[in-house]
Amino acid sequence: MTKKILFLTLALASLAAGLFAETTSALIDSTMKTCKAQALGMLKSLEPNPGKMPRTFEKGKLALSGVNWWCSGFFPGTLWYLYEYDGDPILKDAAVRYTEMLNPLLKGKTDHDIGFQFYCSYGNGYRISKNESYKKILIAAAEKLCTRFDEKIGCIRSWDSDNNGKWQYPVIIDNMMNLELLEFAAKNSEDSVFARVAKSHADKTMQNHFRPDNSSVHVVSYDKKTGKPHLTQTWQGLSDSSAWARGQAWGLYGYTMMYRETLDESYLRQAEKIARFIIGHKNLPEDKIPYWDFDAEGGEKTLRDASAGAIMASAFIELSTLTKDASLAAECRKTAETQIRTLASPKYLAQVGENGNFFLKHSVGAIPFKSEVDVPLTYADYYFLEAMLRWKNLNK
Ligand code: GLY
Numbered sequence: 006m007t008k009k010i011l012f013l014t015l016a017l018a019s020l021a022a023g024l025f026a027e028t029t030s031a032l033i034d035s036t037m038k039t040c041k042a043q044a045l046g047m048l049k050s051l052e053p054n055p056g057k058m059p060r061t062f063e064k065g066k067l068a069l070s071g072v073n074w075w076c077s078g079f080f081p082g083t084l085w086y087l088y089e090y091d092g093d094p095i096l097k098d099a100a101v102r103y104t105e106m107l108n109p110l111l112k113g114k115t116d117h118d119i120g121f122q123f124y125c126s127y128g129n130g131y132r133i134s135k136n137e138s139y140k141k142i143l144i145a146a147a148e149k150l151c152t153r154f155d156e157k158i159g160c161i162r163s164w165d166s167d168n169n170g171k172w173q174y175p176v177i178i179d180n181m182m183n184l185e186l187l188e189f190a191a192k193n194s195e196d197s198v199f200a201r202v203a204k205s206h207a208d209k210t211m212q213n214h215f216r217p218d219n220s221s222v223h224v225v226s227y228d229k230k231t232g233k234p235h236l237t238q239t240w241q242g243l244s245d246s247s248a249w250a251r252g253q254a255w256g257l258y259g260y261t262m263m264y265r266e267t268l269d270e271s272y273l274r275q276a277e278k279i280a281r282f283i284i285g286h287k288n289l290p291e292d293k294i295p296y297w298d299f300d301a302e303g304g305e306k307t308l309r310d311a312s313a314g315a316i317m318a319s320a321f322i323e324l325s326t327l328t329k330d331a332s333l334a335a336e337c338r339k340t341a342e343t344q345i346r347t348l349a350s351p352k353y354l355a356q357v358g359e360n361g362n363f364f365l366k367h368s369v370g371a372i373p374f375k376s377e378v379d380v381p382l383t384y385a386d387y388y389f390l391e392a393m394l395r396w397k398n399l400n401k
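So the sequence shown is residues 6 to 401, counted in the numbering used here.
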């Protein structure tokens, strides 16, 4: 009798798992098809504007950027992810064209976001196509990023601005994301400088960006003489003491990635702390897409940030495969799944031909500056695709 019950329970469980995998894969497949149709539409809209990248869609108009804008790697990266999923050579051809548009950046003035720009484009391009010339370009981009590193401060400088004399050496939490390029260069060259710079930046950020509740501040400015922080403040968040949603997402993703690359346990612990802060936050809505700032009032009228939701979903999936805390792993998976299902619902996912051919609606760029408010953004689309591909691999 007990054996029969056990057999029945196992049979039901495997049926449920099978059904779950089937519905998940159908959802991913139909969402990827929508995204591909949108990307093909975007490629058409870009035809009259050679050299330009999509930025956003506001008041019925497509806004473009030059390749020097910090987001220029996301559209090429999006094309690579779509090609990886469906193998259509049209996508590969476009991915190569848009990736190689970034090449001139190697000659110009260095930006701290060269990591985002090159790793999302050439990094995915190299991983998928194995084009050896891309490897050299990635290492050259990493060398440029290292020129922004200060030995005394131990961090890569973010913005060049001094904010009217307020900042000596600003470092933003977002910069954790640029370290993935350095980790790539460390593994693909003989030069030990890349790993040393990435470790120093991640360690200093861990010391100086995080509050006792494990949320992070947006900007830490370091004193150039002492090498110590002299000011902490927000730039894109609600207040200096608030938890700007995308900043928490960058931190979660950044430390998860640093643990994957280095196996340094301190990074895993930091990622776990950030994950607990996000998952346990009383202001995280049921559908798990955060308000633009965790300290914003909340409710129907408060804007969400789909980009933060997409970045978090991708990071939560990876963290769920790395943490040894089984209950946290389950929470991470559940949160990511809810985020992806919400983003793939009509509330966020645009219909083909809508939304200027971007995938997701309802992201925010910088509310304090009334810039890119409740609009589509290229990085929301990029991390949404990444999250879906990671989710698909998790369900394999
Ligand atoms: N790295 C800039 C932003 O997240 O808005």
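The beta carbon of each residue, even a glycine, is placed where N, CA and C say it ideally should be. Predicted, not measured: the structure shown is a model, and the values here were computed from it.
{"Check": "Is it the case that the CB of R153 approaches a heavy atom of ligand 1 more closely than 6 angstroms?", "Outcome": "no"}
{"Check": "What is the DSSP secondary structure of Y227, counted as helix, strand or coil?", "Outcome": "strand"}
{"Check": "Where does G71 land, buried or exposed, given buried means 16+ other C-beta within 10 angstroms?", "Outcome": "exposed"}
{"Check": "Kindly indicate the opening and closing residues of the alpha helix (DSSP H) around V202.", "Outcome": "V198 to N213"}
{"Check": "Cβ of R251 versus every heavy atom of ligand 1: is any distance shorter than 6 angstroms?", "Outcome": "yes"}
{"Check": "Compare the C-alpha of P175 against each of T210, L15, T340 and Q344 and name the closest.", "Outcome": "T210"}
{"Check": "Starting from S70, trace the alpha helix (DSSP H) both ways and give me its first and last residue.", "Outcome": "That residue, S70, is in no alpha helix (DSSP H); its beta strand (DSSP E) goes K66 to S70."}
{"Check": "Cβ atoms of T83 and L390: under 7 angstroms apart, would you say?", "Outcome": "yes"}
{"Check": "Do you know offhand how far L150's Cα is from T28's?", "Outcome": "43 angstroms"}
{"Check": "For the alpha helix (DSSP H) that E277 lies in, which residues bound it at each end?", "Outcome": "E270 to I284"}
{"Check": "Three or more beta-carbon pairs under 8 angstroms between the segment 375-388 and the segment 90-103, yes or no?", "Outcome": "no"}
{"Check": "Distance, Cα to Cα, Q356 vs E377?", "Outcome": "21 angstroms"}
{"Check": "Report all residues from its chain with a CB closer than 7 angstroms to the CB of N136; omit the five preceding and five following residues, and keep chain order.", "Outcome": "G130"}
{"Check": "Is Q122 helix, strand or coil by DSSP?", "Outcome": "helix"}
{"Check": "Which residues mark the beginning and the end of the beta strand (DSSP E) in which E52 is found?", "Outcome": "Run containing E52: none; DSSP gives neither H nor E here."}
{"Check": "Can you say whether T152 is buried or exposed, counting buried as having 16 or more other CB atoms within 10 angstroms of its CB?", "Outcome": "exposed"}
{"Check": "For G120, does the count of other Cβ atoms within 10 angstroms reach 16, so buried, or fall short, so exposed?", "Outcome": "buried"}
{"Check": "Rounded C-beta distance between L187 and A147? I'm assuming under 8 angstroms.", "Outcome": "5 angstroms"}
{"Check": "Alpha carbon to alpha carbon, how far is Y127 from W255? Give it in angstroms, no decimals.", "Outcome": "20 angstroms"}
{"Check": "List the endpoints of the continuous beta strand (DSSP E) containing G370.", "Outcome": "S368 to A371"}
{"Check": "At which residues does the beta strand (DSSP E) containing E377 begin and terminate?", "Outcome": "S376 to V380"}
{"Check": "Would you check whether ligand 1 has a heavy atom nearer than 6 angstroms to the C-beta of D179?", "Outcome": "yes"}
{"Check": "Between which residues of its own chain and M106 is the CB-CB distance below 7 angstroms, once the five residues before and five after are set aside?", "Outcome": "G56 and V72"}
{"Check": "Where do the N-terminal and C-terminal ends of the beta strand (DSSP E) with P234 fall, by residue?", "Outcome": "P234 to Q238"}
{"Check": "Under a Cβ-count criterion, where at least 16 other Cβ atoms within 10 Å of its own Cβ denotes burial, should E156 be classed as buried or exposed?", "Outcome": "exposed"}
{"Check": "Report yes if the C-beta distance between A200 and L184 is below 7 angstroms; otherwise report no.", "Outcome": "no"}
{"Check": "T343 and A334 look like a contact to me (Cβ under 8 angstroms); what is the Cβ gap, rounded to whole Å?", "Outcome": "Between A334 and T343 the Cβ distance is about 15 angstroms, and since that is not below 8 angstroms, they are no contact."}
{"Check": "Under three-state DSSP, which class holds F154?", "Outcome": "strand"}
{"Check": "So is I10 buried or exposed if we call it buried at 16+ other beta carbons inside 10 Å?", "Outcome": "exposed"}
{"Check": "Between which two residues does the beta strand (DSSP E) harbouring L101 extend?", "Outcome": "Note on residue identity: the sequence assigns Val, not Leu, to residue 101. Run containing V101: none in the beta strand (DSSP E); it sits in the alpha helix (DSSP H), P94 to E105."}
{"Check": "Report, in whole angstroms, the separation of the C-beta atoms of N54 and L69, which I expect to be a contact under 8 angstroms.", "Outcome": "6 angstroms"}
{"Check": "Please state whether the Cβ-Cβ distance between D228 and Q173 is less than 7 angstroms.", "Outcome": "yes"}
{"Check": "Report the partner residues of C160 according to the DSSP bridge assignment.", "Outcome": "D155"}
{"Check": "For A190, does the count of other Cβ atoms within 10 angstroms reach 16, so buried, or fall short, so exposed?", "Outcome": "buried"}
{"Check": "Taking 7 angstroms as the CB-CB limit, is F389 close to chain C?", "Outcome": "Chain labels in this structure do not include chain C; a single protein chain is all it has."}
{"Check": "Could you give the residue range of the alpha helix (DSSP H) that holds I177?", "Outcome": "Careful: I177 lies outside any alpha helix (DSSP H), inside the beta strand (DSSP E) at P175 to I177."}
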